[in-house]
Amino acid sequence: MNLDDESVGGIELGRLQGWMQAVITHPGGVGAGVASPAARRRVAVDAKSLETIVIPSETLTGAERLAIYSRSYHARLLQCMREMLPALYHALGEGLFNLFALDYLQHHPPRSYTLDNLADRFVQHLAETRPDSNALPSERESWPDFIVELVAMEWAFLKVYDGDGLEGRALPSAAGIRALDLERILESRPAPAPCLRLFAFRYPVHAYMLAVRRGERPPIPAPSETFVAATRSDFRVMLYELSAQQYAVLKAFDGQHALKDALDQIGSVSSPRPHAATIRDWLCDWASKGFLETV
Amino acid sequence: MSRFNYPNLGFGVGLRHQHFNYVLDNRPRVDWFEIISENFIDSRGWPRHVLARVAEQYPVVMHGVSMSVGSADPLDFGYLTRLKHLAREIGARWVSDHLCWTGILGRNTHDLLPIPLNEEALKHVVRRVRTIQDFLERPLVMENPSSYLSFASDTMREWEFLNALAEEADCGLLLDVNNVYVSSVNHGFDPLEYIESLPHERVVQIHVAGHTHCGTHIVDTHDGPVMRGVWELYRLACRHHDGVSTLLEWDSSLPEFPVLHAEVLKAKDYLTADSSPPESESLEHVAAGCSARASRHALAGAHPPHSSLPEYV
Numbered sequence: 001m002n003l004d005d006e007s008v009g010g011i012e013l014g015r016l017q018g019w020m021q022a023v024i025t026h027p028g029g030v031g032a033g034v035a036s037p038a039a040r041r042r043v044a045v046d047a048k049s050l051e052t053i054v055i056p057s058e059t060l061t062g063a064e065r066l067a068i069y070s071r072s073y074h075a076r077l078l079q080c081m082r083e084m085l086p087a088l089y090h091a092l093g094e095g096l097f098n099l100f101a102l103d104y105l106q107h108h109p110p111r112s113y114t115l116d117n118l119a120d121r122f123v124q125h126l127a128e129t130r131p132d133s134n135a136l137p138s139e140r141e142s143w144p145d146f147i148v149e150l151v152a153m154e155w156a157f158l159k160v161y162d163g164d165g166l167e168g169r170a171l172p173s174a175a176g177i178r179a180l181d182l183e184r185i186l187e188s189r190p191a192p193a194p195c196l197r198l199f200a201f202r203y204p205v206h207a208y209m210l211a212v213r214r215g216e217r218p219p220i221p222a223p224s225e226t227f228v229a230a231t232r233s234d235f236r237v238m239l240y241e242l243s244a245q246q247y248a249v250l251k252a253f254d255g256q257h258a259l260k261d262a263l264d265q266i267g268s269v270s271s272p273r274p275h276a277a278t279i280r281d282w283l284c285d286w287a288s289k290g291f292l293e294t295v
Numbered sequence: 296m297s298r299f300n301y302p303n304l305g306f307g308v309g310l311r312h313q314h315f316n317y318v319l320d321n322r323p324r325v326d327w328f329e330i331i332s333e334n335f336i337d338s339r340g341w342p343r344h345v346l347a348r349v350a351e352q353y354p355v356v357m358h359g360v361s362m363s364v365g366s367a368d369p370l371d372f373g374y375l376t377r378l379k380h381l382a383r384e385i386g387a388r389w390v391s392d393h394l395c396w397t398g399i400l401g402r403n404t405h406d407l408l409p410i411p412l413n414e415e416a417l418k419h420v421v422r423r424v425r426t427i428q429d430f431l432e433r434p435l436v437m438e439n440p441s442s443y444l445s446f447a448s449d450t451m452r453e454w455e456f457l458n459a460l461a462e463e464a465d466c467g468l469l470l471d472v473n474n475v476y477v478s479s480v481n482h483g484f485d486p487l488e489y490i491e492s493l494p495h496e497r498v499v500q501i502h503v504a505g506h507t508h509c510g511t512h513i514v515d516t517h518d519g520p521v522m523r524g525v526w527e528l529y530r531l532a533c534r535h536h537d538g539v540s541t542l543l544e545w546d547s548s549l550p551e552f553p554v555l556h557a558e559v560l561k562a563k564d565y566l567t568a569d570s571s572p573p574e575s576e577s578l579e580h581v582a583a584g585c586s587a588r589a590s591r592h593a594l595a596g597a598h599p600p601h602s603s604l605p606e607y608v
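Okay, structure coming up:
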């Protein structure tokens, strides 16, 4: 039901709303918004004739009344991103954070009915717009990695917090897994929990994020290869550091392939291959931490 | 019982994530809760779990901010499907949203934007409210928004628009007396005339909230106690009802739950006794929020509570 043909005081409702949206969301403010092609395509008024559309009040001009909406649009979304990404805000400081966030919002304005999806593409946007995005990986600076990884960590935390979890469901127990002989272990097909997220970072961004959330003011950490699992247990988000081998094994779990096939698959990149008894110990540990839906 | 057989629920407050643990642990003697629908409809974590537990113990009403009833974009039936599902799941007493649009061309500004107040817009909104009510299989309750601008194409006053909308779409009304107060200053109309002119038989619920005076205009900030002028409008509105569900909105600079609860219970005091709001509350709240207007209920509860900080091993 698109009512572009519906006329509202001489201007179609869709055109009027498209115009107002273009004006109040323009990063340069109302003046720049009114003059923008996106606004003028819909309603061709300039600053002088603006009040043929938006009338003044006793105290404010039409442009000043529009500016209330313009300021609040940007302030609201920036506030939301600050609250969702406190560690990034701490790392960048207000000026740089706002610069990055406004650039993102300009390229990816919100389209969801919920603000919970506001920064869904922020990691991708930061990765695509990093200043050395055209350079070879070996020639890139490392600080953009820290920024991208930090956002990935913070955003995953929020998604794990409010996404699918395993609360209220019967889960594999460590005791049950320990009772299995090694042959059965190798034939098992472990399925990761829907809330499990695995990360291979160049920086320990998880520790940095947690420090900020505790109210500390940590310095930017030195690079350090870090493997992290994020999951949820009894509605609490939990973060665990992993070894490179553990990360590779967990990454191979899909609930479809037998564990021995997963080990074969990672054998070429993870050497030496972990012993089956070690894997069983890991499975017991991971089951108790809520990494696994089934084994 | 009240309009559309919707009951008078008494005096309620918004369920905000900052108070989740307090509400679960203390079971406060609040009459009912209102939720921001969008903060729960996609949740599969702690917020949804808390809501399920609250809904077992209290009446819950769903108040939305993204229905965009006034937009020229097509209705979002994916959103409406989720809304309907949640309403059934928690036994929502009713579902409300605003007379506004939130975005067009697929975008959502997350603001409650004003629509032109004229016949053509009225026809458009009536048609959409009817469609939504048919889809949700329940009457929709429409709230008067606060607004900061008027269009040259307006041909009717907001209360005339609401009267016609309620009648033609056969929907309920959520009378936000704070919004009436805010808009009356911003647009220069008589708030008493607004209140008196509404179809009171259709008013299902009343909102009260705090606001911020910016010198040249007032902003609906929901960040403090209810002002005296708003309480007076509230008392006037309640003269037309045997009793109507009343809810306090407080979304920014949120106090501890007992403070919030005490604030809404003032409404009961003002109605049952012949008391007046204290003079200290007649001062308009003047704050730095004027330039931002960022802390409104569209943001409320969108983020996890500190109590859910991740543990790190």
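Chains as they are written, first to last, in the working numbering: chain X, 1 to 295; chain R, 296 to 608. Beta carbons: idealized from backbone N, C-alpha and C, even for Gly.
Taking all protein chains shown into account, decide if residue i is buried (16 or more other Cβ within 10 angstroms of its Cβ) or exposed.
| i | result |
| --- | --- |
| residue 192(X) | buried |
| residue 310(X) | Nothing in the structure corresponds to residue 310(X), since chain X is present only between 1 and 295. |
| residue 256(X) | exposed |
| residue 578(R) | Low confidence applies to residue 578(R): its pLDDT is 40, below 50, so where it sits in the model is not reliable, and the reading given next is rough at best. Exposed, because fewer than 16 other Cβ atoms sit within 10 Å of the Cβ of residue 578(R). |
| residue 176(X) | exposed |
| residue 122(X) | buried |
| residue 244(X) | exposed |
| residue 220(X) | exposed |
| residue 379(R) | buried |
| residue 488(R) | exposed |
| residue 575(R) | Note that residue 575(R) scores 38 on pLDDT, short of 50, meaning its location in the model is unreliable; the coordinates nonetheless yield the value given after this. Exposed, since its Cβ has fewer than 16 Cβ neighbours within 10 Å. |
| residue 442(R) | buried |
| residue 204(X) | buried |
| residue 275(X) | exposed |
| residue 554(R) | exposed |
| residue 227(X) | buried |
| residue 365(R) | buried |
| residue 254(X) | exposed |
Which first and last residues belong to the alpha helix (DSSP H) in which residue i is found?
| i | result |
| --- | --- |
| residue 246(X) | 244 to 252 |
| residue 231(X) | Here residue 231(X) belongs to no alpha helix (DSSP H); instead the beta strand (DSSP E) covers 226 to 233. |
| residue 20(X) | 13 to 24 |
| residue 509(R) | Counting along the chain, residue 509(R) falls outside any alpha helix (DSSP H), and DSSP gives it neither H nor E. |
| residue 100(X) | 86 to 107 |
| residue 405(R) | Counting along the chain, residue 405(R) falls outside any alpha helix (DSSP H), and DSSP gives it neither H nor E. |
| residue 428(R) | 414 to 431 |
| residue 490(R) | 486 to 492 |
| residue 61(X) | No alpha helix (DSSP H) holds residue 61(X); DSSP gives it neither H nor E. |
Using three-state DSSP, classify residue i as helix, strand or coil.
| i | result |
| --- | --- |
| residue 317(R) | helix |
| residue 291(X) | coil |
| residue 150(X) | helix |
| residue 362(R) | coil |
| residue 464(R) | helix |
| residue 479(R) | helix |
| residue 191(X) | strand |
| residue 241(X) | strand |
| residue 445(R) | strand |
| residue 345(R) | helix |
| residue 385(R) | helix |
| residue 521(R) | coil |
| residue 43(X) | coil |
Locate the beta strand (DSSP E) running through residue i, then write down its first and last residues.
| i | result |
| --- | --- |
| residue 500(R) | 498 to 504 |
| residue 355(R) | 355 to 358 |
| residue 541(R) | 540 to 544 |
| residue 469(R) | 467 to 471 |
Any beta-carbon of chain X closer than 8 Å to the one on residue i?
| i | result |
| --- | --- |
| residue 400(R) | yes |
| residue 456(R) | no |
| residue 306(R) | no |
| residue 507(R) | no |
| residue 371(R) | yes |
| residue 474(R) | no |
In the DSSP output, what is residue i paired with across the bridge?
| i | result |
| --- | --- |
| residue 201(X) | 226(X) |
| residue 236(X) | 233(X) |
| residue 328(R) | 308(R) and 355(R) |
| residue 392(R) | 437(R) |
| residue 514(R) | 507(R) |
Can a CB atom of chain R be found closer than 8 Å to the CB of residue i?
| i | result |
| --- | --- |
| residue 183(X) | no |
| residue 177(X) | no |
| residue 57(X) | yes |
| residue 259(X) | no |
| residue 81(X) | no |
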